[in-house]
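One structure is given here, and the rest of the page talks about it.
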Amino acid sequence: MLQIFNNHINKYKQTLISINKQSKILQKYSDKKLKEQTQILKIKLENNNLNTNTILIDAFAVIKEAIFRALNLTLFDVQLLGGIILNNNSIAEMKTGEGKTLVALLPAYLNALTGQGVQIITVNDYLATRDANIANKVFSYLNIKIGLITQQTNFHDRQKQYTQNITYITNSELGFDYLKDNMAIHKNNIIQRNFHYAIIDEVDSILIDEARTPLIISGIGDTNDKPYIQAQNISKVLINKIDYKVEEKSKNIILTEKGISKCERILRIKNLYDAKSRWIKYILNAIKAKELFLRNRDYIIQNNQIIIVDEFTGRIMEGRRWSDGIHQSIEAKENIKIEAENKTLASITYQNLFLLYNKLAGMTGTAKTEENEFLNIYKMNVITIPTNKKCIRKDLSDLVYKDEYNKWQSVANECLDMYKIGRPTLIGTTSIQKSELLSEMLKKMKVPHNLLNARPENVLKEAQTILQAGQKGAITISTNMAGRGTDIILGGNAEKTTELIIEKYKSQQQNQCIMNNEIKELLTTSEIKFLQSTNITKERMHDKDCIENYNKLTTIYFKVLNKYKKIFEQKKKEILDLGGLYVIGTERHESRRIDNQLRGRAGRQGDRGTSRFFLSLQDNLFRVFGGSKIENLINSLNIDDTTPIESILLTRSLNSAQKKVEAYFYDIRKQLYEYDEVIHNQRKAIYNERKKVLNSTFTRDCILEYAEYTIEEMLTIYITKNQDKNTLVSLIKLLNIKDNIEKLSTMNLYEIQHYLNEQLRISYDLKEIYLEQLRPGLIRQLEKYYLLQQIDQAWQEHIDKMNLLKEYIGWRSYGQQDPLIEYKNEAFHLFINMIIYIRQTVIYLIMRSRLIIDI
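First residue of the sequence shown? That's 1 in the UniProt record's numbering, and the numbers climb one at a time after it.
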C-alpha cells in the first residue's frame with residue numbers, strides 16, 4: 001500500500017512543486033489582482049480548447065491562495081494531490097479529518113472556468129449548506145458564484161442556483177430535479193443545465209449504499225385500504241416457519257403449502273396465485289411489514305405518519321415512501337391512516353443518473369473495498385491518498401459474547417470506565433431501539449451522555465452533539481454514521497463553540513442569560529450587554545454605526561476564540577495522554593466499509609485513538625451469514641457466558657461473512673444496473689424526443705413525420721396480411737381522409753404510400769386553416785399539447801409494464817433461458833409498440849379533433 005502512495009506522490013511530485021512555487025508568487029498579489037486571475041485563466045482555457053490540464057497548476061495555485069486568505073488555512077500537499085486525482089475522473093480515498101471539503105474546491109474551480117457548471121453533491125442538506133458557506137468565503141476572492149439547493153429551495157431559486165459556476169446539492173434533490181425536468185410541459189419550466197462535471201462527497205454512500213433503490217417520482221393512485229387491512233389480519237394468523245419462511249439475507253418471504261392453503265381458506269378463493277388476483281402481493285407485503293420492517297429500526301412514527309429511517313446514515317427521510325405497497329402495509333400494521341398507493345410516473349437509478357455526466361469524480365474515507373464496482377460500473381479508479389500525518393489509531397481485536405445481554409452489559413461497563421477517567425467515547429449502534437437501550441442502561445448507571453439518533457428532538461442538535469463528542473469525559477451514543485461529514489475534534493472545536501456562545505448571548509435577554517464562569521472572567525459587563533443587544537450581521541454593514549458595531553463584535557469574537565483555543569488545546573493534551581477518542585462498535589455491519597467509517601472517527605490528523613467492536617452470537621451478521629460453524633466452535637470451548645472470546649479464527653470468520661455479504665449486495669446492485677440499463681436507453685430516447693418537442697417552435701414537421709411513419713407501418717401490415725382492405729380502411733379513418741378504398745386497391749404499395757402522403761398534407765393544411773381561423777397559433781399549441789400528453793401517458797404505462805416484466809421474467813431461468821436476454825428482447829418489443837401507439841394516438845387526436853371556441 002505504501003508503494004502505491006509513493007507512486008502517486010512521485011508521479012505528481014513536479015506538479016505539486018510547481019503549484020506551491022506559483023502559490024508563493026500569488027501571495028504578493030493584491031485581492032483585486034488575485035480576483036483578475038479568474039478571467040485570465042478563462043482566456044487561457046479557451047485558447048487551449050477547454051483542456052483543463054493545461055491550466056491546472058495555475059488554477060490550483062490561485063485557489064490555494066484564496067483558501068489561505070479566506071480561512072487562514074494552508075493546503076497540504078496531500079490535499080493538492082487529492083484535487084489532481086478528482087480532476088482525473090477518479091475517486092480520492094482520504095481519511096476522516098484530512099480536509100476533503102477544501103480538496104473539492106480545487107477541481108471545482110478549475111472545471112468551473114469552462115463555463116459549463118460544476119455540481120458538488122453531498123448526502124444531506126446540512127453538509128450542502130455548510131460546505132456552500134465555506135465555498136462562498138473562498139470564492140468571494142475569485143469572482144466565482146456559488147449556488148446552493150436544499151429541500152427548502154423553491155422553483156425559481158433553483159433555476160438561478162443551477163446557473164451558478166458551482167452548485168452544492170444533495171443527491172436526491174439532483175435526481176428528482178432531473179426527473180421533473182423531463183416531465184416539464186414548457187421549456188421555461190426546465191431548471192437544470194446540461195450535466196458537465198460532478199464531485200460526489202461520501203461517494204460510497206451515494207453510489208454504493210443508496211444505489212440499491214431507484215429514485216421514483218410517483219402520482220397518487222386509487223385509494224383502497226380494505227385489502228391492506230385484511231392482509232394484515234391474515235398475517236397475524238400466519239405462523240413463522242410453519243406457514244411461511246423468512247429469508248433475511250434476501251429480505252424475502254416464501255409461503256409454505258400450509259400457508260397457501262390457510263390463506264385460500266380465509267379468503268375463500270381457489271388459487272392464491274391466480275394471475276387475475278392480487279392477493280399474493282398484499283399478503284407477502286403484510287408479512288414483510290411484520291417480520292422485516294421494524295419500528296425504531298427501519299422507521300419511526302411521527303405526527304401519525306410512518307417516516308423512513310435511512311439504514312446507512314441513521315437519519316430520517318421525510319417525504320419518502322416505500323413503493324410497491326410496502327408503505328401501505330406498514331401503515332396497516334401500525335393502525336395508521338392508509339395513504340393511496342403510488343403510481344410510478346418517472347424513475348432512474350443513481351448509477352444511470354451519474355453516468356450522464358461528462359466528467360465524474362468522488363471522495364470518501366472508505367472506498368477501496370468496493371474498488372471493482374466503481375471501476376466496472378462508473379469507470380472510476382479508487383486512489384488512496386496518504387494522510388498528512390501518520391495514522392496511529394489502534395484497532396483492537398473484536399470481543400465476542402455468547403448472548404446479547406452480556407454484550408450490552410460489557411459496553412455499558414466500558415462506557416462507565418471511560419467516563420471515570422475522562423476519555424471521550426463514541427458508541428456506534430445499528431438502530432434507534434438499540435441506541436435507546438444503551439442510553440437507558442447508562443442512565444441507571446448515572447453516566448452522563450449524549451444520544452444521537454433519527455428522533456426529531458435528537459436530529460435538531462446533531463451538529464452540537466458531534467461538536468461536544470471530542471470533549472473530555474464525553475460519552476456519545478450514535479446510530480450508525482449519524483454526524484458523518486463533521487469532524488470530532490479532541491478537546492473541543494474552538495471556532496464552533498465561540499460561534500454558538502456569541503449567537504446564544506445575542507439571542508438572550510440579560511436577565512435570562514446565564515454566563516459560564518470562563519466567559520464572565522473574560523468579558524466586561526459592557527461587552528456582555530453589547531452582545532445581548534446587538535443584531536449586527538455581515539449583511540447589515542451598510543452604515544458607519546453598523547461597521548463600528550460589527551468591528552466591536554469581531555473583537556469580542558476573537559477574544560472568546562483565543563480563550564477557548566487555549567482551554568481546548570490543554571484539554572486535547574490531557575485526552576491524548578488518555579489515548580485519544582475511543583470508538584466502540586456494537587455490531588459488525590454487512591459491509592467492512594461501514595465498519596471502517598465508524599473506526600475512522602478516531603485518529604484524525606495523527607491523533608491517538610482506539611477502536612473496538614463488541615459482538616454477540618445473536619447479532620444479525622452471525623445469525624444470517626455467519627452460519628452455525630462459529631456457534632459450534634464457541635460452544636465447544638465451554639466458556640462462561642460473561643467471558644468474551646477474542647480469537648483470530650473468529651475475526652477471519654467474520655471477515656469472510658462480510659465478504660460474502662458484500663458480494664451478495666454487489667450482485668443485487670449489478671443486476672439492478674443491468675436491468676435499468678435497458679430501460680435507461682429507452683428513457684434517453686423518450687426524453688430526447690420530449691426535449692425536441694419542447695424546444696421546437698414549429699411542431700408541424702414532427703406531426704407530419706409521425707403520420708408518414710404511421711402510413712409506412714400500417715402499409716407493412718397491409719402487405720403482411722395479404723392486402724387486407726380493413727387495414728386501409730383503418731388507415732384512412734385514422735388520417736381522416738375521405739377516399740375510395742377500391743381506387744387504392746388498384747395501386748401498388750409505392751403508389752399508395754405516395755398518394756396517402758399527399759392526401760395527408762392536403763388534409764392537414766385544411767385542418768390548420770380551420771384551426772387558425774378559430775384562433776391564431778391554436779394548431780401549434782394543440783400539436784405540442786397532444787405530443788407531450790401522449791408521450792408522458794404512454795411512458796408511464798410502459799414503466800408499469802416493464803416493472804411487471806421484471807417481476808415475472810426471472811421464472812424464465814427454469815426453462816434454461818437467460819432472464820436478462822429475455823428481458824431485453826421483450827423490453828424492445830414493448831418499446832416499439834409504445835412508439836407506434838404514441839404516433840398513432842397523436843395523429844388520431846390531431847386529425848379527428850373538432851374544436852369549437854365560444855366567442
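All C-beta atoms, glycine included, are put in the ideal place defined by N, C-alpha and C. Please read all numbers here as calculations on a predicted model, not as lab measurements.
For residue i, which three-state DSSP category applies?
i, result
"K394", "strand"
"T344", "strand"
"F613", "strand"
"K538", "Reliability fails at K538, whose pLDDT of 42 lies under 50, so the model's placement of it is uncertain and the value that follows must be treated cautiously. If DSSP states are grouped into helix, strand and coil, K538 belongs with the helices."
"I242", "coil"
"K738", "coil"
"N406", "helix"
"R295", "strand"
"residue 857", "The chain is shown from 1 up to 855; residue 857 falls before or after that span and cannot be answered."
"E65", "helix"
"M183", "coil"
"Y29", "coil"
"E247", "strand"
"R805", "Just to set this straight, residue 805 is Leu in the shown sequence, not Arg. Here L805 sits in helix by DSSP."
"M847", "helix"
"I216", "strand"
"S277", "coil"
"A92", "strand"
"T387", "coil"
"L774", "helix"
"V123", "coil"
"A198", "strand"
"N154", "coil"
"L56", "helix"
Ordered along the chain, which non-local residues of its own chain (more than five positions away) have a Cβ less than 7 Å from that of residue i?
i, result
"N511", "For N511, the predicted structure reports a pLDDT of 38, less than 50, and the residue's modelled location is therefore unreliable. A value from the coordinates is still provided. Same-chain partners within the cutoff: there are none."
"Y666", "E373"
Shortest alpha-carbon distance to residue i belongs to which of the options?
i, options, result
"R320", "N342, E783, T586 and H589", "N342"
"E202", "L80, H196, A367 and M747", "A367"
"V237", "I348, T555 and I283", "I283"
"residue 914", "G219, D607, E569 and F558", "The structure shown has nothing for residue 914, since the chain only spans 1 to 855."
"R295", "E331, I199 and G362", "E331"
"G777", "T720, I711 and T697", "T697"
"L86", "L73, R69, S730 and Y109", "Y109"
"E822", "E674, D125, I185 and R775", "E674"
"T642", "L452, E590 and L399", "L399"
"I198", "G473, I254 and S90", "In the sequence under discussion, the amino acid at residue 198 is Ala, which differs from the Ile named in the question. Ranking G473, I254 and S90 by Cα distance to A198 puts S90 first."
"I239", "K226, K290 and N388", "K290"
"Q328", "T425, I307 and S347", "I307"
"I392", "S611, G365, R268 and G362", "S611"
"T651", "L615, I501 and D676", "L615"
"S323", "N335, A346, K100 and Y419", "A346"
Going by beta-carbon coordinates alone, are residue i and residue j separated by less than 8 Å?
i, j, result
"I146", "F139", "yes"
"I432", "R592", "no"
"L272", "I280", "yes"
"K565", "Q471", "no"
"I575", "G491", "yes"
"I206", "V123", "yes"
"D595", "G585", "yes"
"L16", "I63", "no"
"K245", "I217", "no"
"Q159", "D125", "no"
"L360", "Y378", "yes"
"R690", "N182", "yes"
"A494", "P424", "no"
Within the same chain, show all residues whose beta-carbon is closer than 8 Å to that of residue i, passing over the 5 residues directly before and after it, in chain order.
i, result
"I703", "Y764, E783, L787, V842, I843 and I846"
"I779", "R700, K767, E768, L771 and E772"
"R69", "D31, L34 and Y141"
"I514", "Per-residue confidence for I514 stands at a pLDDT of 41, beneath the threshold of 50, marking its modelled position as unreliable; no derived number is given."
"E93", "M363, T364, G365, T366, A367, K368, V382, I383, T384 and I385"
Could you pull out every residue in the same chain whose Cβ sits closer than 6 Å to the Cβ of residue i, ignoring the five residues on either side in sequence?
i, result
"Q790", "I838, T841 and V842"
"V118", "A108, N111, A112, I166 and Y197"
"N20", "none"
Discussion item. What ranges does the beta strand (DSSP E) occupy inside the region 415-490, keeping only unbroken runs of at least 3 residues that lie completely in it?
Written reply: The qualifying runs are 425-429, 450-452 and 475-479.
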